[in-house]
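What follows is one structure encoded as structure tokens, with my remarks underneath.
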Amino acid sequence: MSFGSASVRPSTQAPCPCGGGTFGECCSPILDGAAAPTAERLMRSRYTAFVIGDAAHLERSWHPRTRPDEVVADDGTVWHGLVIEGAEEDGDAATVTFRASWRQHGIDAELRERSRFVRRGGRWVYVDGDVG
Ligand SMILES: [Zn+2]
């Protein structure tokens, strides 16, 4: 994985990039390696990892079967926000539906995805998702 630049983390009192509260109470502990209590919290922490360029967290929270060899984050991407539309958990499987928007090279873009997660060894990991 390559991000081209070191990750820049917000202060613990700053709003979390995912919109879930202060960074110190929201995604920071999960980025530091704490197990996400729910698949939604893992989803939020992965969005935040994209925003701040934390490739290690993206790699660690991705199922080994579906994890790409390399994730390239474009430095020209400005993330606008995350909206969680719904989350369902059934035992060790979960789905989270979200919308994420960003601006890249002057063009606004939005992704809506229904993501699948599984819990392996007590930790939620991202498997894959259906776009649309
Ligand atoms: Zn967060």
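First residue of the sequence shown: -19, per my numbering; consecutive thereafter. A virtual CB, placed ideally from N, CA and C, is assigned to each residue, including glycine.
Quick one: does residue i have its CB under 9 Å from some CB of chain C?
i     : result
Arg83 : Of the chains in the structure shown, none is chain C; there is only one protein chain.
Can you pull the DSSP bridge partners for residue i?
i      : result
Ile64  : Phe78
Tyr113 : This structure gives no information on residue 113, because the portion of the chain shown stretches from -19 to 112.
Val58  : Arg83
Leu91  : Ala80
Val111 : Glu93
Report the rounded CA-to-CA distance for residue i versus residue j, giving the unit in angstroms.
i        : j       : result
Pro9     : Thr77   : 23 Å
Ile64    : Thr(-8) : 22 Å
Asp72    : Phe30   : 25 Å
Arg2     : Pro44   : Note that residue 2 corresponds to Thr in the displayed sequence, not to Arg. Using only the alpha carbons, I get a separation of about 30 Å.
Arg40    : Gly86   : 31 Å
Leu11    : Gly101  : 18 Å
Pro(-10) : Arg21   : 18 Å
Cys(-2)  : Ala67   : 15 Å
Met(-19) : Trp42   : Low per-residue confidence applies at Met(-19): pLDDT is 41, beneath 50, and the placement is therefore not dependable enough to give any value.
Val107   : Ala16   : 15 Å
Glu5     : Tyr27   : 16 Å
Which residues in the same chain as residue i place their Cβ atom closer than 6 Å to its Cβ, once the five residues preceding and following it in sequence are excluded?
i      : result
Ala14  : none
Thr57  : Trp82 and Gln84
His37  : Leu11 and Ala29
Asp110 : Arg94
Leaving out the 5 sequence neighbours to the left and right, which residues in its chain are closer than 7 Å to residue i when beta-carbon positions are compared?
i      : result
Ala19  : Ala67, Glu69, Ala74, Val76, Phe97 and Trp104
Gly61  : Gly(-1) and Ser81
Gly112 : Arg92
Any heavy atom of ligand 3 closer than 8 Å to the CB of residue i?
i      : result
Tyr106 : In terms of ligand content, the structure shown lacks ligand 3 and carries ligand 1 instead.
Can you list, in chain order, the residues of its chain whose CB lies under 8 Å from that of residue i, leaving out five sequence neighbours each side?
i        : result
Val(-12) : Ile32 and Gly33
Ala(-6)  : Thr2 and Phe3
Test item, CB below 6 Å from any non-hydrogen atom of ligand 1: Residue list for ligand 1: Cys(-4), Cys(-2), Gly0, Cys6, Cys7, Arg24 and Thr28 (CB closer than 6 Å to any heavy atom, chain order).
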